[in-house]
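Taking the numbering used here, the leading residue of the sequence shown gets 224, the next gets one more, and so forth.
Backbone N, C-alpha and C define an ideal beta-carbon position, used for all residues, glycine too.
Owing to the predicted nature of the structure, the values given are computational and were not obtained by experimental measurement.
For reference, the structure discussed in these notes is given below.
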Amino acid sequence: MIGRGVKRCNGGRVLRNRVRHFNDTFKRSALRCTTSPIQPHNSPETVPPEWLQPLLDVSEGTGYDVNDAGLLGQPVAWGDQDSNDHVNSVTYIKYFETGRFHFLMEMFKSRGLAFNDLMSPKGIVSVFRSAEIQWRRPIQYPDRISVIHKIEPLTAPDRYVLKGVIVSHQSRSVACRIKETLVTVDSANGSQKCDIPPKFKAVFEEWARKSNPDHS
């Protein structure tokens, strides 16, 4: 019945081509899965690979610390790919978003603070303002990726800037870079911009000095 239904469909040829493309893509992905050195492909890594920190030092300069990775050895899902057989550009942004949240959460936790306190809908909230992105190379299943962020020196009382990279473990290279700007607003005062609360500002400044040791 499926076959007859496809033949009766006016777009049957298009449908068959899409099914054929899906099958071809699946076969290529399955072949990479069986030949890839990245095995098993089921859970994030817990220990940074020894090549990761030297790669960042050479490629990005000082400031990035693999121990602060928001995502470490995260498996790329087959469903993250688009029809071009590589991870969709929008998914890179999702990787950065998740990595940024984990990075900030652990950063504040290490100083006895909760990042969720900077996300209260009834108080001061940290909101995403803008991003500058550089896509450098495609990522394909069954790769693994690491997302590492660092804090830039504060230049205004109501915002902070992070830089981040996505590293492909399969190619051992930086696949994407981002510069993210977030601002603090007061939800109880019409979402007007406001200064970063002092206790959070102190942590931002501490981490910025760590990431930028040459900055006065």
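I need the DSSP call for G413, collapsed to helix, strand or coil. coil
Reduced DSSP category for V289 - H, G, I as helix; E, B as strand; rest coil: helix
Where I419 falls: helix, strand or coil (DSSP): I419: coil per DSSP, three-state reduction.
Roughly how far, in whole angstroms, is the beta-carbon of Y287 from the beta-carbon of I371, given that I think they are within contact range, below 8 Å? So it is a contact: roughly 5 Å between Cβ atoms.
So, for T378: in the same chain, excluding its five sequence neighbours on each side, which residues have a beta-carbon less than 8 Å away from its beta-carbon? Excluding sequence neighbours, T378 sits near V384.
Helix or strand or just coil, what does DSSP make of S282? helix
Local Cβ density within 10 Å of T269, reported as buried at 16 or more and exposed below that: Label assigned to T269: exposed.
Which two residues bound the contiguous alpha helix (DSSP H) that contains S353? Careful: S353 lies outside any alpha helix (DSSP H), inside the beta strand (DSSP E) at 347 to 358.
Does the region 340 to 360 touch the region 409 to 420, meaning 3 or more C-beta pairs lie closer than 8 Å? yes
Cutting at 6 Å between CB atoms, please list the residues of its own chain near D303, excluding the five before and the five after it. V310, T314.
Which listed residue (D409, H392, V388) has its alpha carbon closest to that of G284: V388
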